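Which chain is which? The protein sequence lines are S and C, in order.
Going by my numbering, the letters in the first sequence line up with residues 1 to 302, in that order.
Going by my numbering, the letters in the second sequence line up with residues 303 to 573, in that order.
Inspection log for the structure reproduced underneath, given as structure tokens.
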Amino acid sequence: MVDELLFFMEVLVGGLLAGTMYSLVALGFVLIFKASATFNFSQGAMVFFSVLAFCGFMQDFNIPFVLAFILAALLMVVVGLCTERLVLRPLMNASEDTVLMATIGLGYVLEGLAQAAWGVEVRRLDLGIGDFPVPWIADNLKLFISALDITAGLVAALMIIGLFLLFKYTKIGLGLRAVADDAGAASSIGIPLKHIMLLVWSAAGVVALVAGCMWGARAGVQFALVDLALKALPVLIIGGFSSIPGAIIGGLIIGAVEKVLEVYIGPFFGGAIEGWAPYVLAIFFLLYRPEGLFGEKIIRRV
Amino acid sequence: MSNNSANILDIKNIEVRYDNVILALHDVSLKVPKGKVVALLGANGAGKSTTLKAVSTMLASERGKVTNGSIEYDGNSIDKQTPSQMVGLGMVQVLEGRRCFGHLTVEENIISGAYSRKLSKGDINQELEKIYTYFIRLKERRKSQAAFTSGGEQQMIAVARAMMAKPKMLLLDEPTMGLAPQLVAEIFNIVKELNTKEGVSILLAEQNTNVALKNSDYGYIIETGRVMLDGTAESLLNDDKVKELYLGISKKGRKNFRDVLKEESLNKKSN
Chain S
1 MVDELLFFME VLVGGLLAGT MYSLVALGFV LIFKASATFN FSQGAMVFFS
51 VLAFCGFMQD FNIPFVLAFI LAALLMVVVG LCTERLVLRP LMNASEDTVL
101 MATIGLGYVL EGLAQAAWGV EVRRLDLGIG DFPVPWIADN LKLFISALDI
151 TAGLVAALMI IGLFLLFKYT KIGLGLRAVA DDAGAASSIG IPLKHIMLLV
201 WSAAGVVALV AGCMWGARAG VQFALVDLAL KALPVLIIGG FSSIPGAIIG
251 GLIIGAVEKV LEVYIGPFFG GAIEGWAPYV LAIFFLLYRP EGLFGEKIIR
301 RV
Chain C
303 MSNNSANILD IKNIEVRYDN VILALHDVSL KVPKGKVVAL LGANGAGKST
353 TLKAVSTMLA SERGKVTNGS IEYDGNSIDK QTPSQMVGLG MVQVLEGRRC
403 FGHLTVEENI ISGAYSRKLS KGDINQELEK IYTYFIRLKE RRKSQAAFTS
453 GGEQQMIAVA RAMMAKPKML LLDEPTMGLA PQLVAEIFNI VKELNTKEGV
503 SILLAEQNTN VALKNSDYGY IIETGRVMLD GTAESLLNDD KVKELYLGIS
553 KKGRKNFRDV LKEESLNKKS N
């Protein structure tokens, strides 16, 4: 009985922590969705692009870890700058759907650029954190939990605290929330939209880099990272597209649910339900709570 | 930047098109003297909002363009300005329909108006207190989410937010739309107070002709993108045509200035 409980705990905690990896990817989407009400289809490509550049700096140029990370983060700021200037500004008055299509195109451009610059082979990314159970926890709590999962959890927690403080207490955060509510009114009182867009896309780029590092360390830095974006979709539907806490909680739910279902119900379906269970959950949310758990309800005065 | 003329705003014969095709303004000229309140009157679709947006340069975001004529603000052409630059120059527009940031608190809404200014926390609080002296009601509600305040309060938020940018000139687009008469009076009192105490020049687009003229110094009446009549507020209030067409004190069945002009030209011919 105790063993079964322990096993369940292990599955649950492992799932929750793995879920934070989804949360990290989803965070990038939320940032951009908040400011421009657009689902950024290029987010997956940004993850791939940023972490591949990070690896490239380290492995091809022998730049030390920290410096390479800073360079990659700066590169993502440049990508944000170019995106604002070359994609968003010309589409300033275009409909949200047009911007959505543009992000799909942007995704292809980033994928292509990344592979042109750094090659197509799978790279190994060693963060110095192993993807194996932490001995101390295994000995004392009898739970086998990966060190990488724990790191991802901590990183996600730090990111959410940082972003929360940024949004709530800084001037630029106030500007961003104002733009998210009503871009026209924001520009009428002198909030420069282009600065806000630049900030948001750069922040999303850096978040993509962090998410990419975590996933790259687990699965190798490879083209398949682009498809990670798909896993973020159910996370966003459950958490709400415009909520940062929602992205975190949504990720935790998806992570936990898919692992628990896989272990306990999976065998009845012949396994591998991890792949589709989150989408089923997402469909239920779409039916009964389309704004997600934490999404902003559209407030209407009656 | 020195401007010795008496007008803070000088619009000369502007023509505005949307999407390069739709002609919204044919020929509008108007002047706003420094420190005065000028009313821009007309029915729906007459071109009031378009005129204001041409001035605040917000037309571009709606695919509109001034295709002819010129606009001078504080002695300089506004040709190449962006909306945020205009705010920096002291010209702020309060958009039609209030447009508060619904998910922000009342106070956050107002503070957001100071975005273009470099102010310390202390300065902002000082400015806030000053603003609250005009909008006493908002101080009580400052922690509420703006979306849950009443229509009148939202209008006050929008004006207070604009005042935080320390404007020399305010463009108010239908500030009393959908408000009860008592609130209309309250809003106009505040506007008048801001004008006299803060010295803000005001260009006011309104459908509510009577109240607007009573609170203005000068008025322009536009119809289908043209200025039909202008004069001091007093003279317009006493003008027979204005009384008939805009104040509902009707004698004949004429509906707008075009009918009046047509009739007058017919009379001329028959004479």
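For every residue, glycine included, the Cβ atom is placed at its ideal position computed from N, Cα and C.
Owing to the predicted nature of the structure, the values given are computational and were not obtained by experimental measurement.
In the DSSP output, which residue or residues are listed as bridge partners for residue i?
i: Pro234(S); result: The partner list for Pro234(S) (beta bridge, DSSP) is empty, contrary to what the question assumes.
i: Pro133(S); result: Ser146(S)
i: Tyr597(C); result: The requested residue 597(C) does not occur in the structure, where chain C is confined to residues 303 to 573.
i: Ile273(S); result: Answer is none; Ile273(S) lacks a bridge partner.
i: Arg123(S); result: Val221(S)
i: Leu342(C); result: Ala507(C), Tyr522(C)
i: Lys333(C); result: Asp312(C)
i: Met479(C); result: Answer is none; Met479(C) lacks a bridge partner.
i: Tyr108(S); result: Paired residue(s): none; Tyr108(S) is not in a bridge.
i: Tyr548(C); result: Beta-bridge pairing links Tyr548(C) to no other residue.
i: Ile413(C); result: Answer by DSSP bridge pairing: none, since Ile413(C) is not bridged.
i: Asn569(C); result: Paired residue(s): none; Asn569(C) is not in a bridge.
i: Lys367(C); result: Arg319(C)
i: Ser379(C); result: Glu374(C)
i: Val396(C); result: Leu474(C)
By the three-class DSSP mapping on this structure, what secondary structure does residue i have?
i: Lys314(C); result: strand
i: Gln447(C); result: strand
i: Ala296(C); result: This structure gives no information on residue 296(C), because the portion of chain C shown stretches from 303 to 573.
i: Tyr320(C); result: strand
i: Val2(S); result: helix
i: His405(C); result: coil
i: Val302(S); result: Below a pLDDT of 50, predicted positions are generally treated as unreliable, and Val302(S), at 49, falls in that range; the measurement from the model is reported next regardless. Three-state DSSP puts Val302(S) in coil, outside helix and strand.
i: Val502(C); result: coil
i: Asp532(C); result: strand
i: Ser304(C); result: For Ser304(C), the pLDDT reaches just 47, beneath the cut-off of 50, and the residue's location in the model is therefore unreliable, although a value from the coordinates is still provided. Coil, per DSSP.
i: Leu473(C); result: strand
i: Leu391(C); result: coil
i: Ala326(C); result: strand
i: Thr20(S); result: helix
i: Ser452(C); result: coil
i: Gly14(S); result: helix
i: Thr353(C); result: helix
i: Leu426(C); result: The sequence shown places Ile at residue 426(C), not Leu. Ile426(C): helix per DSSP, three-state reduction.
i: Ser202(S); result: helix
When we look at the beta-carbon of residue i and count the other beta-carbons within 10 Å, is it buried (16 or more) or exposed?
i: Arg400(C); result: buried
i: Ser307(C); result: exposed
i: Gly404(C); result: buried
i: Ile104(S); result: exposed
i: Gly190(S); result: buried
i: Val99(S); result: buried
i: Leu158(S); result: exposed
i: Glu565(C); result: exposed
i: Ile161(S); result: exposed
i: Arg177(S); result: buried
i: Gln457(C); result: buried
i: Gly270(S); result: exposed
i: Pro135(S); result: exposed
i: Ser304(C); result: Here the model assigns Ser304(C) a pLDDT of 47, short of 50, so the residue's position is not dependable, and the following value carries that caveat. It is exposed - the Cβ of Ser304(C) has fewer than 16 other Cβ atoms within 10 Å.
i: Glu455(C); result: buried
i: Glu96(S); result: exposed
i: Arg443(C); result: buried
i: Phe29(S); result: buried
Tell me, to the nearest whole angstrom, how far the beta carbon of residue i is from that of residue j; I am working on the premise that it is less than 8 Å.
i: Gly175(S); j: Ser23(S); result: Incorrect: roughly 25 Å between the Cβ atoms, too far for contact.
i: Leu473(C); j: Val502(C); result: About 11 Å separates the two Cβ atoms, so there is no contact after all.
i: Leu318(S); j: Leu143(S); result: Here chain S has residues from 1 to 302 only, and residue 318(S) is not among them.
i: Ala462(C); j: Phe490(C); result: Going by Cβ atoms, the distance from Ala462(C) to Phe490(C) rounds to 15 Å, so no, they are not a contact pair.
i: Phe33(S); j: Phe241(S); result: 5 Å
i: Phe559(C); j: Glu508(C); result: With 8 Å as the limit, Phe559(C) and Glu508(C) do not qualify as a contact, their Cβ atoms being about 17 Å apart.
i: Gly415(C); j: Ala362(C); result: Actually they do not touch by this definition, with Cβ atoms about 21 Å apart.
i: Ala211(S); j: Val66(S); result: Between Val66(S) and Ala211(S) the Cβ distance is about 18 Å, and since that is not below 8 Å, they are no contact.
i: Leu327(C); j: Gly527(C); result: 4 Å
i: Asp475(C); j: Val396(C); result: 6 Å
i: Ala256(S); j: Leu27(S); result: In fact, because the Cβ distance is near 18 Å, the residues do not count as touching under 8 Å.
Cβ-based contacts, 9 Å cut-off: residues of the stretch 348-371 of chain C near chain S: Ser358, Met360, Ala362, Ser363, Glu364, Arg365
Chain S contacts made by the stretch 369-394 of chain C, where a contact means CB separation under 9 Å: Thr384, Pro385, Ser386, Gln387, Met388, Val389, Gly390, Val394
Within 7 Å of chain S by C-beta, residues of the stretch 396-429 of chain C in sequence order: Leu397, Arg401, Phe403, Gly404, His405, Leu406, Glu410, Ile413, Ser414, Gly415, Tyr417, Ser418
Under 7 Å (Cβ pairs) to chain C, residues found in the stretch 185-215 of chain S: Ala185, Ser187, Ser188, Ile189, Gly190, Ile191, Pro192
Within 7 Å of chain S by C-beta, residues of the stretch 459-486 of chain C in sequence order: If the cut-off is 7 Å between Cβ atoms, the stretch 459-486 of chain C has Arg463, Ala464, Ala467 near chain S.
Residues, ordered as in the chain, of the stretch 64-97 of chain S that lie near chain C by beta-carbon distance below 8 Å: Met92, Asn93
Proximal residues, the stretch 149-179 of chain S versus chain C, C-beta separation under 8 Å: Closer than 8 Å at the C-beta level to chain C, one finds these residues of the stretch 149-179 of chain S: Lys171, Leu174, Gly175, Arg177, Ala178.
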